[in-house]
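K.L.:
One structure coming up, written as structure tokens, with questions to follow.
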Amino acid sequence: MKIIQLTDPHLVPKGTLLRGIDPEARLRACLAEIEVHHFDAAALVISGDVTDLADRASYELFRDVVAEFALPPLHITVGNHDRRSVFAAVFPEHLASDGYAHRRFDLGDHVGLLLDTLTSGTHSGAFDRLRLEWLRAQLADGHHPVLIFMHHAPVRVGLKRLDHIALQGEDEFWHVIAPFKSRIRHMFFGHMHRNVAGSWRGIPFTVAAGLTHQVMLDFQTDIVRHIEVEPYFSVILVNGRDVVVHPHAIRDARIIDIIPDTTRPASAP
Ligand SMILES: [Fe+2]
Ligand SMILES: [Fe+2]
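Each residue of the sequence shown is one higher than the last, beginning at 0 in numbering that gives the first Met the number 0.
If you want it as structure tokens, here you go:
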């Protein structure tokens with residue numbers, strides 16, 4: 000099974016740039032590649048910060064661009080740059096009946112859970128009691144292995160400014176998922192604008208760098224320093240035994256083909 004995670008598109012109104020970057024062009028480049036090479040994926044997950052300033056025009060641009068491509072089943076949640084009410088006006092089908100942008104989606108012999116970590120008025124994320132109860136109920140429902148997607152990560156990564164705006168209430172979140180830890184195969188985050196991987200309390204995780212600006216690897220300063228690099232999305236491969244995550248950059252790369260030399264022994268380098 001294949002799943003695509005695309006995060007932090009940070010769309011701005013058509014014809015404008017974000018710190019010199021064109022988010023719409025980057026989104027189109029990613030979706031064009033997904034349409035051609037990953038149409039067979041079981042899901043395309045957008046893990047938040049759909050827009051940069053939560054304006055309606057940017058959400059409508061996202062909706063219109065996405066509609067131009069033949070894509071896998073789409074699941075979208077919000078990040079700290081989004082506003083749930085504006086998101087809901089443009090994407091009512093991506094809002095649950097309780098008003099949050101969280102959902103459970105079927106992945107055959109797996110379950111996907113997309114969580115909503117947005118908390119108004121802060122760039123940090125958090126779950127309130129209602130969202131934690133929803134999560135507990137989803138985890139308790141059935142016996143399939145689970146893949147969790149969300150914007151903010153509970154893990155601290157050593158970059159001061161990112162750690163300052165990580166998911167708050169880490170212990171409360173852990174308290175809910177700990178009884179189900181053996182069924183949670185992997186967690187997928189956005190928000191950090193960096194490719195990061197590791198494990199959190201024994202659960203493997205991956206952070207996808209996203210489409211726009213990236214955060215520099217600077218362990219010293221308290222400020223966020225950005226660099227402009229290629230847009231990334233993740234290609235996730237899952238089978239009954241293993242989870243593999245390919246961070247994939249969109250770039251005009253020179254392809255170097257190495258044609259096997261059948262005249263030499265197979266062990267030759
Ligand atoms: Fe972001
Ligand atoms: Fe974010």
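Positions of the beta carbon are idealized from the N, C-alpha and C atoms, including for glycine.
Relative to the alpha-carbon of residue 80, which residue among 26, 11, 92 has its alpha-carbon at the smallest distance?
P.N.:
The residue given as residue 80 occupies position 81 in the sequence shown. Nearest of 26, 11, 92 to residue 80, Cα basis: 11.
K.L.:
Kindly indicate which three-state DSSP category residue 102 falls into: helix, strand or coil?
P.N.:
Counting from one through the sequence shown, the residue named residue 102 turns up at place 103. Strand at residue 102.
K.L.:
Using a threshold of 9 Å, state whether the C-beta atoms of residue 230 and residue 29 are closer than that.
P.N.:
Stepping through the sequence shown from its first residue, residue 230 is reached at position 231. Stepping through the sequence shown from its first residue, residue 29 is reached at position 30. Yes; because the gap between Cβ atoms is below 9 Å, this pair is in contact.
K.L.:
Taking the continuous alpha helix (DSSP H) assigned at residue 27, which residues delimit it?
P.N.:
Here the question's residue 27 lines up with position 28 in the sequence shown. Residues 22 to 36.
K.L.:
In angstroms, rounded to a whole number, what distance separates the CA positions of residue 233 and residue 190?
P.N.:
Numbered from its first residue, the sequence shown carries residue 233 at position 234. Numbered from its first residue, the sequence shown carries residue 190 at position 191. Each residue's Cα considered, the two are about 14 Å apart.
K.L.:
Which residues, in chain order, sit with a beta-carbon under 5 Å away from any heavy atom of ligand 1?
P.N.:
With the cut-off at 5 Å, the residues found are 7, 48.
K.L.:
State yes or no: is the C-beta of residue 211 within less than 9 Å of the C-beta of residue 18?
P.N.:
Looking up residue 211 in the sequence shown gives position 212. Looking up residue 18 in the sequence shown gives position 19. In this structure, residue 18 lies closer than 9 Å to residue 211 by Cβ.
K.L.:
Out of 120, 122, 128, 90, point me to the one whose CA is closest to residue 174's CA.
P.N.:
Locating residue 174 in the sequence shown gives position 175, counting from the first residue. Ranking the options by Cα distance to residue 174, first place goes to 128.
K.L.:
So what's residue 203 in DSSP terms, helix, strand or just coil?
P.N.:
Position 204 of the sequence shown, counting from 1, holds the residue named residue 203. Strand, per DSSP.
K.L.:
Can you have a look at residue 92 and say buried or exposed, based on whether 16 or more other CB atoms are within 10 angstroms of its CB?
P.N.:
For this step, residue 92 is matched to residue 93 along the sequence shown. Classification for residue 92: exposed.
K.L.:
Could you work out which residue in 244, 37, 123 is closest to residue 166 when comparing CA atoms only?
P.N.:
For the purposes of this step, residue 166 is taken as residue 167 along the sequence shown, with counting starting at 1. Selected option, being the one with the closest Cα: 123.
K.L.:
Tell me whether residue 79, by its Cβ, gets closer than 8 Å to a heavy atom of ligand 2.
P.N.:
Within the sequence shown, numbered from 1, the residue matching residue 79 stands at position 80. Yes; taking the cut-off as 8 Å, the Cβ of residue 79 has a heavy atom of ligand 2 nearer than that.
K.L.:
To test your reading of the DSSP string, which unbroken beta strand (DSSP E) runs of 3 or more residues are found completely within the region 133 to 217?
P.N.:
Segments of the beta strand (DSSP E) lying fully in the region 133 to 217: 145 to 149, 183 to 188, 195 to 199, 202 to 206.
K.L.:
From 157, 38, 130, pick the residue whose C-alpha is nearest to that of residue 98; which is it?
P.N.:
Taking the sequence shown and counting its residues from 1, the one referred to as residue 98 is at position 99. Here the closest residue by C-alpha is 130.
K.L.:
Report back the beta-carbon spacing between residue 218 and residue 161 to the nearest angstrom; my notes put them in contact at under 8 Å.
P.N.:
Here the question's residue 218 lines up with position 219 in the sequence shown. Here the question's residue 161 lines up with position 162 in the sequence shown. Not a contact, Cβ separation roughly 11 Å.
K.L.:
Given this structure, state the Cα-to-Cα distance separating residue 206 from residue 225, to the nearest angstrom.
P.N.:
Mapped onto the sequence shown, residue 206 falls at position 207. Mapped onto the sequence shown, residue 225 falls at position 226. Distance between the alpha carbons of residue 206 and residue 225: 17 Å.
K.L.:
Measure the C-alpha to C-alpha separation of residue 194 and residue 208 and round it to an integer number of angstroms.
P.N.:
As a working mapping, residue 194 is identified with position 195 in the sequence shown. As a working mapping, residue 208 is identified with position 209 in the sequence shown. Near 5 Å, if we compare the C-alpha coordinates of residue 208 and residue 194.
K.L.:
State yes or no: is the C-beta of residue 122 nearer than 8 Å to some heavy atom of ligand 2?
P.N.:
What you label residue 122 is simply residue 123 of the sequence shown in a count that begins at 1. Checking every heavy atom of ligand 2 against the Cβ of residue 122, one is found closer than 8 Å.
K.L.:
How far does the alpha helix (DSSP H) with residue 60 in it reach, from first residue to last?
P.N.:
For the purposes of this step, residue 60 is identified with residue 61 of the sequence shown, where counting begins at 1. Element bounds for residue 60: 55 to 66.
K.L.:
Between 48, 54, 184, 138, which has its C-alpha nearest residue 118's C-alpha?
P.N.:
To locate residue 118, count along the sequence shown from 1; it is residue 119. Answer by Cα proximity: 48.
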